[in-house]
Amino acid sequence: MEATDLAWLLAAFALVLLMFPGLALFYGGMLGSRHTLNMIMMVMGALAVTAVFYVVIGHGLVLGDSIGGFIGNPVEMLGFESLMTDDGSGSTFWGAFYVLFAGISIAIVASGAAGRMKFGAWLGFAALWLLLVYSPIAHWVFAFDDEEAGVTGGWLRNVVQLHDFAGGTAVHMNAGMAALALALVLGKRKAFPGRPHNLPLAVLGAGLLWVGWIGFNGGTAGGASFLAEYVVLATLLAGCTGMLGFVIVEKLREGRTTTLGMITGLVAGLVGITPSADAVSPIGALLVGLFTGAAVSWLMTLLPKLKIDEPLDAFMVHGMGGIVGTLCVVLFGAAAAPAGITGVLFGGDWDILWRELVAIVATCLYSFVVTFVIAKAMDKVIGLRVDEEIEFAGLDTSLHAESAYHLSRN
113 MEATDLAWLL AAFALVLLMF PGLALFYGGM LGSRHTLNMI MMVMGALAVT
163 AVFYVVIGHG LVLGDSIGGF IGNPVEMLGF ESLMTDDGSG STFWGAFYVL
213 FAGISIAIVA SGAAGRMKFG AWLGFAALWL LLVYSPIAHW VFAFDDEEAG
263 VTGGWLRNVV QLHDFAGGTA VHMNAGMAAL ALALVLGKRK AFPGRPHNLP
313 LAVLGAGLLW VGWIGFNGGT AGGASFLAEY VVLATLLAGC TGMLGFVIVE
363 KLREGRTTTL GMITGLVAGL VGITPSADAV SPIGALLVGL FTGAAVSWLM
413 TLLPKLKIDE PLDAFMVHGM GGIVGTLCVV LFGAAAAPAG ITGVLFGGDW
463 DILWRELVAI VATCLYSFVV TFVIAKAMDK VIGLRVDEEI EFAGLDTSLH
513 AESAYHLSRN
C-alpha cells in the first residue's frame with residue numbers, strides 16, 4: 113500500500129473513532145438526565161467488548177475463508193496473529209478499521225435498551241450479538257471472493273451480488289432491527305422522560321457523527337483516491353438534504369420544525385448514503401438524503417401507534433433509513449458514478465432490484481429473529497432489566513454512583 117493511501121486511511125480511522133463519543137453524546141442528550149452517563153457507558157463499553165471479541169475471534173468470522181458463504185473461518189485470523197507482519201496490503205489497518213465497524217453497529221443497538229437494562233447484562237449481550245448476529249451478516253456483505261488467493265467470501269456479496277458500498281445492510285439495517293428486537297423483549301420504560309434533557313449535547317453528538325461518517329465512507333474507498341473524494345462529497349450532500357427532508361415533513365405533519373428533527377434527519381441522510389455513496393451522482397446524493405430524511409420523518413409517526421418503546425429511534429433512523437438508502441441504489445444509480453450502476457429512473461435494468469431486496473429481507477429477518485432469541489434467552493437466565501426502583505431513581509446514580517450534573521447554590 114502506498115504511503116499516501118495509508119496516511120488517508122489512518123486519518124479516516126481517527127475520524128470513525130470519533131463516532132463513539134459522538135453517538136454517546138447524541139444518545140445521552142436525547143435521554144432523561146438520570147440515564148445520560150449510563151448511555152455513554154453503554155456506547156463506550158460496546159467498543160471495549162468489540163475490541164476483545166474481534167481480536168480473539170471476530171476478524172476471522174467476518175473476513176476469513178467462507179464456510180458455505182455463511183460465516184468465515186475464525187481459526188485463520190485467531191488473535192490477529194496474521195496482522196503482526198507487514199505484507200504491504202494494509203491488512204493490519206483493515207483489522208483495526210473493521211473493529212470500529214463492528215463496534216459502532218452494536219453501539220447503535222443500545223437505543224433499544226435505553227434507561228432500563230442492567231449494564232453487565234448489556235456487555236454480555238453485546239458479545240453474544242457480535243458472535244451470532246453481526247459476524248455472519250458482516251461476512252455475507254464484506255467478505256469478497258479472491259480467486260487468486262483461493263479464498264471465498266459471503267453469499268450476499270458474491271452470489272447475490274448486492275451493491276452496498278459501506279454497510280447499509282451489515283451495519284445500519286442490522287443494528288436497527290436488533291434495537292427493535294431488544295426493545296420488544298425489554299418492554300416499555302416505566303419512568304418516561306418528558307423530552308430530551310439536553311439538545312445542545314445531542315447536536316454536538318450529531319456533529320461528531322457527521323465528521324466520523326466522512327471517515328466511515330471515505331475510508332471504505334481504500335485509499336487516497338478519486339473514489340474517496342467522490343464518496344466524501346456524497347456524504348456531505350446527503351447529510352444536508354437529510355435535514356431538509358425531515359423538517360419539511362415535520363412542518364407539514366405538525367406545523368413546526370425542531371432541532372431534534374433536524375439532527376435526526378441529518379443522521380438519516382447519512383445512513384441513506386452509506387450503501388449508495390459510490391453509485392449516485394451529486395444530484396442523486398441530494399435526492400438520497402432528501403428521500404431518506406423525509407421517509408424516516410414520516411415513518412416515525414408509526415411507532416406510537418405500534419406502542420414500541422425504542423426511545424432513540426435506531427429502528428427508524430438506521431433500520432428503515434438503511435432500507436431506503438439501499439433502494440436508492442436501484443432508483444438513482446448513475447452510470448458515470450464510480451460504481452457504474454444505472455438506476456431504473458435512468459433506463460437501467462430492473463435486475464438489480466431483486467438483488468437489493470434479497471439483501472434487505474435476509475438482513476432484517478436474520479437480525480431481528482436471532483437478536484430476539486438471544487435477548488429472550490438471556491432474560492430467562494439472568495434477567496436483563498433493572499428493578500423498578502432503580503429505573504425510577506435513575507441508572508446513573510443506581511448503577512454507577514455518578515450523576516451527569518451537580519447543581520448547587522454558591
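The numbering of the sequence shown is the working numbering, which starts it at 113 and goes up by one. Ideal placement from N, C-alpha and C gives every residue a C-beta, glycine not left out. Bear in mind the structure is a predicted one, so any value in this text is a computation, not a measurement.
What does DSSP give as the partner residue(s) for residue i in the beta ladder?
{"i": "I420", "result": "Answer is none; I420 lacks a bridge partner."}
{"i": "V392", "result": "G445"}
{"i": "I179", "result": "I183"}
{"i": "D461", "result": "Note: D461 sits in no beta bridge, so no partner."}
{"i": "M196", "result": "M196 pairs with nothing; no bridge assigned."}
{"i": "V436", "result": "Bridge partners of V436: none, in fact."}
{"i": "V285", "result": "First, the amino acid is wrong: residue 285 is Met here, not Val. Per DSSP, none; premise fails for M285."}
{"i": "V524", "result": "Any property of residue 524 remains undetermined from this structure, which presents the chain solely from 113 to 522."}
{"i": "R497", "result": "M229"}
{"i": "D508", "result": "None; D508 has no bridge partner."}
{"i": "V263", "result": "D258"}
Would residue i and residue j qualify as a contact pair, given that the criterion is a beta-carbon distance under 8 Å?
{"i": "V315", "j": "A380", "result": "no"}
{"i": "S178", "j": "G266", "result": "yes"}
{"i": "P394", "j": "D276", "result": "no"}
{"i": "G227", "j": "E503", "result": "yes"}
{"i": "A354", "j": "G377", "result": "What sits at residue 354 in the sequence shown is Gly, not Ala. It is a contact, given that the beta carbons lie within the stated cut-off."}
{"i": "A523", "j": "V297", "result": "Since the first residue of the chain shown is 113 and the last is 522, residue 523 is not available in this structure."}
{"i": "V211", "j": "T162", "result": "yes"}
{"i": "V272", "j": "R467", "result": "yes"}
{"i": "A219", "j": "L356", "result": "no"}
{"i": "E525", "j": "L414", "result": "With the chain running from 113 to 522 in the structure shown, residue 525 is simply not present."}
{"i": "L424", "j": "L443", "result": "no"}
{"i": "L268", "j": "L137", "result": "no"}
{"i": "G288", "j": "A426", "result": "yes"}
Quick one: what does DSSP say residue i is sitting in, helix, strand or coil?
{"i": "G357", "result": "helix"}
{"i": "E503", "result": "helix"}
{"i": "R146", "result": "helix"}
{"i": "G172", "result": "helix"}
{"i": "D117", "result": "helix"}
{"i": "L122", "result": "helix"}
{"i": "M425", "result": "First, the amino acid is wrong: residue 425 is Asp here, not Met. Coil, per DSSP."}
{"i": "F138", "result": "helix"}
{"i": "G377", "result": "helix"}
{"i": "H251", "result": "helix"}
{"i": "N310", "result": "coil"}
{"i": "T370", "result": "coil"}
{"i": "S337", "result": "coil"}
{"i": "F132", "result": "helix"}
{"i": "A163", "result": "helix"}
Compute the Euclidean distance between the alpha carbons of residue i and residue j, then round it to the nearest angstrom.
{"i": "G417", "j": "L292", "result": "For clarity, residue 417 is Lys in the given sequence; the question names Gly instead. Cα to Cα, K417 sits roughly 15 Å from L292."}
{"i": "A303", "j": "Y139", "result": "17 Å"}
{"i": "I249", "j": "V361", "result": "33 Å"}
{"i": "N522", "j": "S145", "result": "A caution first: N522 carries a pLDDT of 44, below 50, which makes its placement in the model too unreliable to give a value."}
{"i": "I472", "j": "H518", "result": "46 Å"}
{"i": "V168", "j": "F192", "result": "7 Å"}
{"i": "W410", "j": "G434", "result": "15 Å"}
{"i": "N270", "j": "M189", "result": "21 Å"}
{"i": "A389", "j": "A447", "result": "13 Å"}
{"i": "V400", "j": "T509", "result": "42 Å"}
{"i": "T475", "j": "T483", "result": "12 Å"}
{"i": "E114", "j": "S203", "result": "13 Å"}
{"i": "V174", "j": "R368", "result": "45 Å"}
{"i": "F403", "j": "G396", "result": "10 Å"}
{"i": "L372", "j": "R307", "result": "10 Å"}
{"i": "G170", "j": "A282", "result": "14 Å"}
{"i": "M285", "j": "M432", "result": "7 Å"}
{"i": "A336", "j": "I326", "result": "13 Å"}
Does the beta carbon of residue i come closer than 8 Å to any beta carbon on chain C?
{"i": "T369", "result": "Although the question refers to chain C, the structure presented lacks it and comprises just one protein chain."}
Tell me, to the nearest whole angstrom, how far the beta carbon of residue i is from that of residue j; I am working on the premise that it is less than 8 Å.
{"i": "V436", "j": "G384", "result": "6 Å"}
{"i": "G141", "j": "L311", "result": "6 Å"}
{"i": "A295", "j": "I420", "result": "6 Å"}
{"i": "F132", "j": "G200", "result": "The pair is not a contact, with the Cβ atoms about 30 Å apart (cut-off 8 Å)."}
{"i": "L382", "j": "W322", "result": "7 Å"}
{"i": "F358", "j": "G405", "result": "4 Å"}
{"i": "F237", "j": "M490", "result": "6 Å"}
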